[in-house]
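Note that our numbering has the sequence shown beginning at 20, numbered continuously upward.
Beta carbons are placed, not taken as given, at the ideal position from N, Cα and C, and that holds for glycine.
Just so we're clear, the structure is a prediction, and the values are computed from it rather than from any experiment.
Everything on this sheet refers to the single structure shown next.
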Amino acid sequence: MRLSEFQDSFKHTMLEPDHLDNDVLRNAFRQDHGICLENRMKVYRNNVVRSLIDAAMAALPMTEKLVGREFLEQAMRAFVVNNLPSQGNLNLYGMEFPDFVQAYEPAKHLPYLQDFTRLEWLWEAAYYAPDDLPLDPAELMNIAEEDMPNLQFSFRKSLALLDSEYPLDEIVDFCRAEDQKNLQQLSDRGCKLMIYRPDLKVELRRLDDAEYLFLATIQNGQTIHETAEILVVHYPDADLTPLLQKHLQLGTFTSFKIRR
Numbered sequence: 020m021r022l023s024e025f026q027d028s029f030k031h032t033m034l035e036p037d038h039l040d041n042d043v044l045r046n047a048f049r050q051d052h053g054i055c056l057e058n059r060m061k062v063y064r065n066n067v068v069r070s071l072i073d074a075a076m077a078a079l080p081m082t083e084k085l086v087g088r089e090f091l092e093q094a095m096r097a098f099v100v101n102n103l104p105s106q107g108n109l110n111l112y113g114m115e116f117p118d119f120v121q122a123y124e125p126a127k128h129l130p131y132l133q134d135f136t137r138l139e140w141l142w143e144a145a146y147y148a149p150d151d152l153p154l155d156p157a158e159l160m161n162i163a164e165e166d167m168p169n170l171q172f173s174f175r176k177s178l179a180l181l182d183s184e185y186p187l188d189e190i191v192d193f194c195r196a197e198d199q200k201n202l203q204q205l206s207d208r209g210c211k212l213m214i215y216r217p218d219l220k221v222e223l224r225r226l227d228d229a230e231y232l233f234l235a236t237i238q239n240g241q242t243i244h245e246t247a248e249i250l251v252v253h254y255p256d257a258d259l260t261p262l263l264q265k266h267l268q269l270g271t272f273t274s275f276k277i278r279r
């Protein structure tokens with residue numbers, strides 16, 4: 020058996036005990052240690068699965084507080100056995116968990132859980148995003164007036180936008196509060212959020228509908244002029260100038276270019 024074949028079989032054996040029925044694989048192990056091969060493999064299986072569960076759960080402290088450690092561990096175990104990491108760096112291992120939990124039957128009574136775990140993973144991704152610098156607003160002073168409508172802005176590498184039909188911001192407040200109120204008192208509304216890391220600390224900002232559309236349109240590569248046109252169609256009273264000024268001050272952007 021080639022090394023790559025053995026490694027692949029070893030991986031499957033840890034997660035699928037029936038794989039030990041493969042005689043070629045069994046013959047690759049010594050059988051004279053007094054402990055049956057099944058029990059020896061169980062040790063590997065428990066250690067690997069446990070370490071992956073711990074790595075993925077480390078990104079979800081608020082989710083753990085929300086649903087309880089036992090529930091989250093069970094869900095994460097079901098996720099891990101079918102979603103092994105593809106690389107050695109486990110910092111972002113588990114980012115697919117929100118999609119998994121949507122179809123996870125025991126979580127059907129928690130319809131907001133997919134979006135909430137996605138929020139926590141975006142938070143984690145922002146923390147580990149490459150460092151960059153905010154755009155200095157003074158750089159725009161050298162732009163010719165006729166070029167201003169053709170500006171395209173690029174966001175910080177850590178920035179993500181999230182639009183949810185659930186009040187995730189209230190759930191965050193609930194998880195952070197020492198005196199926790201009943202989640203049944205949540206507002207019957209959605210929320211739009213911006214997650215980014217302007218410096219060392221990840222920040223979460225609530226957005227109104229017009230501000231979210233402004234940022235989402237820029238994120239899609241539209242120019243300032245195109246963004247203004249889209250904004251006025253959906254929100255006639257919205258003013259692009261203060262929105263742009265606000266996000267220049269917040270350090271939302273990292274660079275710009277002029278579309279020719």
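Item                                                                                                            : Value
Under the three-state DSSP convention, the category Q106 falls into                                             : coil
Contact the stretch 230 to 237 vs the stretch 162 to 170: 3+ CB pairs below 8 Å                                 : no
Three-way DSSP call (helix, strand, coil) for D182 in this model                                                : strand
Proximity winner among R64, E83, I72 and E89, relative to R195 (alpha-carbon distances)                         : E83
Y123, enclosing alpha helix (DSSP H) - first and last residue                                                   : Y123 -> no alpha helix (DSSP H), and no H or E assigned at all.
Validate contact between the stretch 149 to 163 and the stretch 266 to 275 using beta carbons, cut 8 Å, 3 pairs : yes
Exposed unless 16 or more other CB atoms sit within 10 angstroms - verdict on A157                              : exposed
Residue-level contact to chain B via CB, D166, 9 Å cutoff                                                       : Looking at the structure shown, chain B is missing, and only one protein chain is on hand.
Span of the alpha helix (DSSP H) around K176                                                                    : Segment: none, K176 is in no alpha helix (DSSP H) and carries neither H nor E.
Expected contact under 8 Å - CB spacing of I214 and L141 to nearest Å                                           : 5 Å
Minimum C-alpha distance to F174 - residue among Y146, N65 and H266                                             : H266
At least 3 beta-carbon pairs within less than 8 Å: the stretch 182 to 189 vs the stretch 130 to 137             : yes
Helix, strand or coil at T273 according to DSSP, with G and I counted as helix                                  : strand
E245, DSSP secondary structure in three states                                                                  : helix
Residue burial classification, E143 (beta-carbon count within 10 angstroms, cutoff 16)                          : buried
Beta carbon of Y231 nearer than 9 Å to that of D182                                                             : yes
DSSP state of K211 mapped onto helix, strand, coil                                                              : strand
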